[in-house]
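**Student:** Residue numbers (full-length UniProt numbering): 1 to 139.
Questions regarding the structure given below will be posed in turn.
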């Protein structure tokens with residue numbers, strides 16, 4: 001049986017997979033970036049939980065990351081559209097169907113990356129904060 005953390009990350013990946021960009025989880029950057037863009041979900045770090053007693057609960061602010069990459073002549077507009085679609089997908093249900101207490105994205109810091117012999121890439125890491133609680137830090 002998957003842990004709450006894994007269930008939440010799988011739900012986030014499923015939500016990203018519904019977008020026009022190709023969505024991967026934990027993979028390396030492929031040699032070619034699809035025309036609609038590329039998203040790579042990184043599991044991130046759960047951090048130190050706050051603990052409450054009676055009943056015992058561990059409250060996490062888990063920081064996952066989405067690497068967003070676009071390429072081509074219209075990469076600025078494509079990147080903006082891709083970021084907006086991620087924001088809309090998260091805002092559509094900030095509890096991921098009741099799996100989380102709250103999900104929020106932080107602002108990306110885009111960079112242009114030159115590629116020898118091809119159009120440069122526009123990429124950014126988008127931090128995603130997943131607020132959730134569990135009865136067992138390993139479960």
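A virtual CB, placed ideally from N, CA and C, is assigned to each residue, including glycine.
Just checking my contact of residue 68 with residue 37 at CB under 8 angstroms: how many whole Å lie between their CB atoms?
**Tutor:** Stepping through the chain shown from its first residue, residue 68 is reached at position 68. Stepping through the chain shown from its first residue, residue 37 is reached at position 37. Right, their Cβ atoms sit about 7 angstroms apart.
**Student:** With C-beta atoms as the reference, is residue 41 less than 8 angstroms away from residue 8?
**Tutor:** Locating residue 41 in the chain shown gives position 41, where the first residue counts as 1. Locating residue 8 in the chain shown gives position 8, where the first residue counts as 1. Cβ atoms of residue 41 and residue 8: not closer than 8 angstroms.
**Student:** Looking at the strands, I want to know which residues DSSP matches up with residue 45.
**Tutor:** As a first step, residue 45 is located in the chain shown; it is residue number 45 there, counting from the start. The partner list for residue 45 (beta bridge, DSSP) reads 63.
**Student:** Is residue 18 helix, strand or coil by DSSP?
**Tutor:** The count along the chain shown starts at 1 and reaches residue 18 at position 18. Coil.
**Student:** Taking contact to mean 3 or more Cβ pairs, one atom from each stretch, closer than 8 angstroms, check whether the segment 18 to 25 and the segment 82 to 89 are in contact.
**Tutor:** Yes: the two stretches touch, three or more of their Cβ pairs being nearer than 8 angstroms.
**Student:** Restricting to Cα atoms, I'd like to know which of 139, 136, 132 is closest to residue 64.
**Tutor:** As a first step, residue 64 is located in the chain shown; it is residue number 64 there, counting from the start. Closest option to residue 64, Cα to Cα, is 132.
**Student:** I'd like to confirm the pairing. Which residues does DSSP put opposite residue 88 in its beta bridges?
**Tutor:** By 1-based counting over the chain shown, the position of residue 88 is 88. DSSP links residue 88 through a beta bridge to no other residue.
**Student:** Look up residue 4 in the DSSP assignment and say whether it is helix, strand or coil.
**Tutor:** Walking along the chain shown from the start, residue 4 turns up at place 4. Three-state DSSP puts residue 4 in a helix.
**Student:** Which stretch, first to last residue, makes up the beta strand (DSSP E) that contains residue 114?
**Tutor:** Stepping through the chain shown from its first residue, residue 114 is reached at position 114. Note, residue 114: beta strand (DSSP E), 111 to 115.
**Student:** Using 8 angstroms for Cβ pairs, my map puts residue 92 next to residue 109. What's the rounded Cβ distance?
**Tutor:** The residue you call residue 92 lines up with position 92 of the chain shown. The residue you call residue 109 lines up with position 109 of the chain shown. In fact, because the Cβ distance is near 24 angstroms, the residues do not count as touching under 8 angstroms.
**Student:** Following the continuous beta strand (DSSP E) through residue 133, name the residue where it begins and the one where it ends.
**Tutor:** As a position in the chain shown, residue 133 is number 133, starting the count at 1. Where residue 133 is concerned, the enclosing beta strand (DSSP E) stretches over 118 to 134.
**Student:** Is residue 52 helix, strand or coil by DSSP?
**Tutor:** As a first step, residue 52 is located in the chain shown; it is residue number 52 there, counting from the start. Three-state DSSP puts residue 52 in a strand.
**Student:** Suppose contacts are defined by Cβ-Cβ distances below 8 angstroms. Is residue 59 in contact with residue 44 by that definition?
**Tutor:** As a working mapping, residue 59 is identified with position 59 in the chain shown. As a working mapping, residue 44 is identified with position 44 in the chain shown. The answer is no: Cβ separation not under 8 angstroms.
**Student:** State yes or no: is the beta carbon of residue 135 nearer than 8 angstroms to at least one beta carbon in chain B?
**Tutor:** Any reference to chain B falls outside this structure, which holds one protein chain only.
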